[in-house]
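Protein chains: 2
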Amino acid sequence: MRKRPIPLSPFPDNRHDHAACREQALLQAETYCRRHGLRLTSLRRRVLELVWSSHQPVGAYTLLEQLVTEGRKAAPPTVYRSLDFLLNHGLIHRIASLNAYVGCNHPGSDHEAQFFICVGCGQAAEIGDPSIESAIAQDAKALGFSIASQTIEVAGTCARCREAKRT
Amino acid sequence: MRKRPIPLSPFPDNRHDHAACREQALLQAETYCRRHGLRLTSLRRRVLELVWSSHQPVGAYTLLEQLVTEGRKAAPPTVYRSLDFLLNHGLIHRIASLNAYVGCNHPGSDHEAQFFICVGCGQAAEIGDPSIESAIAQDAKALGFSIASQTIEVAGTCARCREAKRT
DNA sequence: TTACTTTTGTTACAATATAACATCACGTTC
DNA sequence: GAACGTGATGTTATATTGTAACAAAAGTAA
Chain A
1 MRKRPIPLSP FPDNRHDHAA CREQALLQAE TYCRRHGLRL TSLRRRVLEL VWSSHQPVGA
61 YTLLEQLVTE GRKAAPPTVY RSLDFLLNHG LIHRIASLNA YVGCNHPGSD HEAQFFICVG
121 CGQAAEIGDP SIESAIAQDA KALGFSIASQ TIEVAGTCAR CREAKRT
Chain B
168 MRKRPIPLSP FPDNRHDHAA CREQALLQAE TYCRRHGLRL TSLRRRVLEL VWSSHQPVGA
228 YTLLEQLVTE GRKAAPPTVY RSLDFLLNHG LIHRIASLNA YVGCNHPGSD HEAQFFICVG
288 CGQAAEIGDP SIESAIAQDA KALGFSIASQ TIEVAGTCAR CREAKRT
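Top line first, the protein sequences correspond to chains A and B. If you read the first sequence in the numbering used here, its first letter stands for residue 1, the second for the next number, and so on. If you read the second sequence in the numbering used here, its first letter stands for residue 168, the second for the next number, and so on.
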């Protein structure tokens, strides 16, 4: 029997209360930063909030536009530095295949995840599947390879978008 | 019992004859194109050859520089169009985490692969592991997600580089 | 040859990301 | 509070990766 994957952040259903979802993520980030002596400054908090504005990975320049619209003095380094902070502490993930960033609701600098990304709605579901992990770990062992980081991104169509297309 | 992964293109050992390796890949590409009525033009062949100049994924602009050095009239679209052709027919892969391209020695437009990429020597090993595939397929099934493409890239240190670092 | 399609050349630009240095804000020590 | 040191942000410029759009050339078939 294979272990059950942990659906850390699956595709949200129709009655998903996203405001609560985002607030919870921000609270977790605040708690995490307080406990680790990190400064979740106003800028960093706002960038995190913007990343969490949906479950669709968002590009750095989209975030930049939003900051500027809000009246902040922001340039590319403004955004990238905040993103780096959030990435380093596991508060967001980078989706390499999209050059975009998505929130993570289980902070901690040292965790890997797998993403299913819908080309229809653009949403990304984060999975933590021990079966994938162990398969990769076994291959690494066979190769004598020591793993530093992983990029696992599966693109396709989510259930709801498939259903929508059928009609 | 889990199936054995197929090491499609593992980290080459010290006595790896890369000239032969590259020539074989080019022959395979020629055969593949002939059989499928595709035109492996001089430019495309040369780009493929340059990609195969090592097992290190190579950037588009590096290829461009080399073409220009050789006296070809090349601009970014020159390279990207050739890369697109080679990608579409499974003759190379794109490594999203590096924005770089690496040769594939089992042509065919519709195959997925997993890569182990050494941060020491820069080489990429292509693996086709059914265990990883099936774990992902099971997650997709559980989510009702239909897979279109995959990006699976594991970064770390290969056996030889680990050994080298120990001394 | 002519007509047609595919490939390549060419110019311009879009999108993503970083380097380098100045300034500001915050906490600590005196 | 004043002086200091450190980390965060502002600012300008530039590097890197990738595309759009159209013209010219090369291959293919009637």
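Quick reminder that beta carbons are idealized off the backbone N, C-alpha and C, glycines included.
Residues that residue i contacts on chain A, provided the C-beta gap is smaller than 7 Å
i: I299/B; result: I132, A135, I136
Selection from the options that minimises the alpha carbon distance to residue i
i: T229/B; options: A326/B, C285/B, A267/B, L194/B; result: A267/B
i: G120/A; options: K73/A, E23/A, T31/A, C158/A; result: C158/A
i: L26/A; options: L143/A, S146/A, R46/A; result: R46/A
i: L217/B; options: L258/B, Y199/B, R202/B; result: L258/B
i: S264/B; options: F283/B, Q195/B, I314/B, P244/B; result: F283/B
i: E126/A; options: D306/B, C285/B, A292/B; result: D306/B
i: H203/B; options: P243/B, A187/B, A302/B, G275/B; result: G275/B
i: A196/B; options: H256/B, F178/B, P297/B, P243/B; result: H256/B
i: A304/B; options: L38/A, A75/A, Q114/A; result: Q114/A
i: K165/A; options: K240/B, S313/B, H273/B; result: S313/B
i: T210/A; options: H106/A, C21/A, F11/A, A20/A; result: As shown, chain A starts at 1 and ends at 167. That puts residue 210/A outside it, with no answer to give.
Cα-Cα separation between residue i and residue j, rounded to whole angstroms
i: H18/A; j: W52/A; result: 9 Å
i: C104/A; j: P57/A; result: 11 Å
i: L64/A; j: V235/B; result: 36 Å
i: R34/A; j: Q24/A; result: 15 Å
i: L48/A; j: L86/A; result: 7 Å
i: I95/A; j: S209/B; result: 35 Å
i: G128/A; j: E279/B; result: 21 Å
i: G59/A; j: R182/B; result: 44 Å
i: A291/B; j: E163/A; result: 38 Å
i: G71/A; j: R81/A; result: 18 Å
i: R206/B; j: L250/B; result: 14 Å
i: A242/B; j: C118/A; result: 34 Å
i: P77/A; j: R44/A; result: 13 Å
i: G289/B; j: D110/A; result: 23 Å
i: R327/B; j: C161/A; result: 46 Å
i: D180/B; j: R189/B; result: 15 Å
i: K73/A; j: A20/A; result: 29 Å
i: F178/B; j: G311/B; result: 36 Å
i: P130/A; j: P297/B; result: 15 Å
i: Q117/B; j: Q66/A; result: Outside the displayed span of chain B (168 to 334) sits residue 117/B, for which this structure offers no information.
Residue i: contacting residues in chain B (beta-carbon distance under 7 Å)
i: V119/A; result: A315
i: S97/A; result: A263, T318
i: I127/A; result: D306
Cβ-Cβ separation, residue j to residue i (assumed contact under 8 Å), whole Å
i: H93/A; j: V79/A; result: H93/A to V79/A, Cβ: 16 Å. No contact.
i: A322/B; j: S54/A; result: Contact flag wrong, Cβ pair sits at about 28 Å.
i: I132/A; j: A309/B; result: No, I132/A and A309/B are not in contact; Cβ-Cβ is about 13 Å, not under 8 Å.
i: T318/B; j: E153/A; result: 4 Å
Within chain A, partners of residue i - CB distance below 8 Å
i: R329/B; result: G144, S146
Interface residues of chain B facing residue i [CB-CB closer than 9 Å]
i: T157/A; result: F312, S313, I314, A315
i: V154/A; result: I303, D306, A307, F312, I314, A315, S316, Q317, T318, I319
Check: Along the region 56 to 85 of chain A, what residues have a CB closer than 7 Å to any CB found in chain B?
Finding: Listed in sequence order: no entries.
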